[in-house]
Amino acid sequence: EPEVTQTPSHQVTQMGQEVILRCVPISNHLYFYWYRQILGQKVEFLVSFYNNEISEKSEIFDDQFSVERPDGSNFTLKIRSTKLEDSAMYFCASEGDSHLDEQYFGPGTRLTVT
Amino acid sequence: GQNIDQPTEMTATEGAIVQINCTYQTSGFNGLFWYQQHAGEAPTFLSYNVLDGLEEKGRFSSFLSRSKGYSYLLLKELQMKDSASYLCAVRAGDYKLSFGAGTTVTVRA
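Heads up: the sequence lines are chains E and R, in that order. Offset between the first sequence (1-based) and this note's numbering: plus 1120. Offset between the second sequence (1-based) and this note's numbering: plus 7.
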């Protein structure tokens, strides 16, 4: 069964450093998402991406964040200058072209900012 | 924004039935989803309702009333492996899912 994959599974970085989280969505999917979940809190939407551009973003997704689909398969989330409060689990999700279907979540990247 | 409420915790016995309620307030409703999440893992899809009524999928069923802004997830014949957090999520508009805080279900022998 096709699945969304994410790398790395765990990333530790120092405050102020840049991190790039990588995702490979399901191959025939067209809609891509990043969500985050701070430990013990709810899953929060960050950004959606369709047709090579951002379609919607939340207040969390400020100028420190960016997304890219550089080569038609990878979907990346970059945080330019990490803060302590960026420590969370980051989930990538993808969705098929019917757009009335479930969003398939990847296993997540646990980001720890020290 | 969306306001999504669900109970924090529920406990039930193996073999029993548990019903998890979810109420929401949103504009531009475009579907309600239930996900299961085990600790430290990703959410996995359980069910999707966009029209009123009951959707049944094996031991899991989900109900939606759009006029009442209400849904429930019914888990039947509970097994120990069903101990997890159950997330109610609403799609309003075209893209994002807005999640509730989740209901932690503990199944006891």
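Each residue gets a CB set at the ideal place from its N, CA and C atoms; glycine is no exception. Owing to the predicted nature of the structure, the values given are computational and were not obtained by experimental measurement.
Can you tell me whether residue i is helix, strand or coil according to DSSP?
i, result
"Lys88(R)", "helix"
"Leu1204(E)", "helix"
"His1149(E)", "coil"
"Arg66(R)", "coil"
"Thr1234(E)", "coil"
"Glu1138(E)", "coil"
"Asn10(R)", "strand"
"Tyr55(R)", "strand"
"Val1124(E)", "coil"
"Ser78(R)", "strand"
"Gln1161(E)", "coil"
"Tyr1210(E)", "strand"
"Phe1181(E)", "coil"
"Gly38(R)", "strand"
"Gln1223(E)", "coil"
"Tyr1155(E)", "strand"
By the criterion of Cβ-Cβ separation under 7 Å, what are the contact partners of residue i in chain E?
i, result
"Pro50(R)", "Val1163 and Phe1225"
"Phe40(R)", "Glu1222"
Check the Cβ of residue i against every Cβ in chain E and list those closer than 8 Å, keeping chain order.
i, result
"Ser105(R)", "Phe1165"
"Tyr31(R)", "Under the 8 Å cutoff, chain E gives no residues; its nearest Cβ is about 13 Å from Tyr31(R)."
Are the beta-carbon atoms of residue i and residue j separated by less than 8 Å?
i, j, result
"Ser110(R)", "Gly76(R)", "Reading off the sequence shown, one finds Thr at residue 110(R), where the question assumed Ser. No; because the gap between Cβ atoms is not below 8 Å, this pair is not in contact."
"Gly107(R)", "Ile11(R)", "yes"
"Arg1142(E)", "Met1209(E)", "no"
"Glu1222(E)", "Tyr55(R)", "yes"
"Ser1168(E)", "Glu1176(E)", "yes"
"Ile24(R)", "Lys83(R)", "yes"
"Ala49(R)", "Phe1185(E)", "no"
"Val1233(E)", "Asp1191(E)", "no"
"Leu58(R)", "Phe67(R)", "no"
"Thr18(R)", "Arg115(R)", "yes"
"Gly1136(E)", "Thr1202(E)", "yes"
"Gln13(R)", "Asn28(R)", "yes"
"Gln1131(E)", "Leu1231(E)", "yes"
"Tyr42(R)", "Leu94(R)", "yes"
"Ala91(R)", "Gln44(R)", "yes"
"Phe52(R)", "Phe40(R)", "yes"
Using a threshold of 7 Å, is the CB atom of residue i nearer than that to any non-hydrogen atom of the ligand GTP?
i, result
"Phe1211(E)", "Among the ligands in the structure shown, none appear at all, so the ligand GTP cannot be discussed."
For residue i, which residues in chain A fall below 7 Å Cβ to Cβ?
i, result
"Gly1228(E)", "Among the protein chains of the structure shown, namely E and R, there is no chain A."
Just to make sure I have the definition right: I need the residues of chain R whose C-beta is within less than 8 Å of the C-beta of residue i. Which are they?
i, result
"Tyr1151(E)", "Tyr102"
Could you name the residues of chain E that residue i contacts, counting a contact when the two beta carbons are closer than 9 Å?
i, result
"Gly109(R)", "Lys1162 and Val1163"
"Tyr77(R)", "In chain order: nothing, as chain E lies at least about 19 Å away."
Contact residues within the segment 1165-1186 of chain E, judged by C-beta distance below 8 Å to chain R: Phe1165, Ser1168, Tyr1170, Ser1175, Glu1176 and Ser1178
Where the segment 81-102 of chain R meets chain E: residues whose CB sits under 8 Å from a CB there: Leu94, Ala96, Gly100, Asp101 and Tyr102
Three or more C-beta pairs below 8 Å linking the segment 1125-1139 of chain E and the segment 1149-1165 of chain E: no
Residues in the segment 1187-1212 of chain E having any Cβ partner in chain R nearer than 7 Å: Phe1211
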